[in-house]
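Step one of this worksheet: look at the structure below.
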Amino acid sequence: MNLGAIIRSAACVGAHGVIVQQHRAVGLTPSAVRASAGAVEHVKVARVTNINQTIRELKSQGIWVYAADVKGEDYRKVNFSGACALVIGSEGEGISQLTLDLCDQAVSIPMSGVIDSLNASVAAGILLYGIFSGRAS
Numbered sequence: 579m580n581l582g583a584i585i586r587s588a589a590c591v592g593a594h595g596v597i598v599q600q601h602r603a604v605g606l607t608p609s610a611v612r613a614s615a616g617a618v619e620h621v622k623v624a625r626v627t628n629i630n631q632t633i634r635e636l637k638s639q640g641i642w643v644y645a646a647d648v649k650g651e652d653y654r655k656v657n658f659s660g661a662c663a664l665v666i667g668s669e670g671e672g673i674s675q676l677t678l679d680l681c682d683q684a685v686s687i688p689m690s691g692v693i694d695s696l697n698a699s700v701a702a703g704i705l706l707y708g709i710f711s712g713r714a715s
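Remember, the working numbering sits 578 above the position in the sequence shown when you count from 1.
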């Protein structure tokens, strides 16, 4: 259901697509399609076998790649004005160090509660809206 919610958030902010790692992420199941509330009809979803190679390809095309990471810079202080991609890790493992190292910048969502992480789809929604609102202003 996280994938469907992420696709829905991506559609709401006008993202061009969602890239999913083929072997480590759940597929576009009927539950994910329902959770997307029809967004799968409007957002391209690409499944790739090697996310690190995909990041390299995106960067070679001039796309700045951000990673959601608790140690990153507060997303509210980041200038998201250019073409960009956002990497969201799995809830259990996060983003591998190799993948983090390939990304141009890590960004974080500041938190002050006793829990130090958000659900992946919630984090994606907050960061996608941060990118969108930074461009709208």
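Cβ atoms here follow ideal geometry from the backbone N, Cα and C, with glycine treated the same way.
Every value quoted in this text rests on a predicted model; they were computed, and no experiment measured them.
Using a threshold of 8 Å, state whether the C-beta atoms of residue i and residue j are closer than that.
i	j	result
Ile633	Val643	yes
Ser638	Gly712	no
Ser695	Asp652	no
Ala646	Val626	no
Roughly how many whole angstroms lie between the Cα atoms of residue i and residue j?
i	j	result
Arg654	Ile709	9 Å
Ile597	Gly703	15 Å
Gly605	Ser690	33 Å
Ala663	Ala589	14 Å
Which first and last residues belong to the beta strand (DSSP E) in which residue i is found?
i	result
Lys649	642 to 652
Ile597	595 to 599
Ser686	683 to 686
Leu664	662 to 665
Within its chain, find whatever has a CB closer than 6 Å to the CB of residue i; leave out the 5 residues flanking it on each side and keep chain order.
i	result
Lys622	Gly595
Tyr584	Looking at the sequence provided, one finds Ile at residue 584 rather than Tyr. Ser699, Ala702.
Val656	Val685
Which same chain residues, not among the five before or five after residue i, have their C-beta less than 8 Å away from its C-beta?
i	result
Val591	Leu706, Tyr707, Ile709, Phe710
Quick one: give me the first and last residue of the alpha helix (DSSP H) that residue i is part of.
i	result
Ala624	Here Ala624 belongs to no alpha helix (DSSP H); instead the beta strand (DSSP E) covers 622 to 626.
Thr607	Note, Thr607: premise wrong, no alpha helix (DSSP H); not H, not E.
Gln631	629 to 638
Gly582	580 to 590
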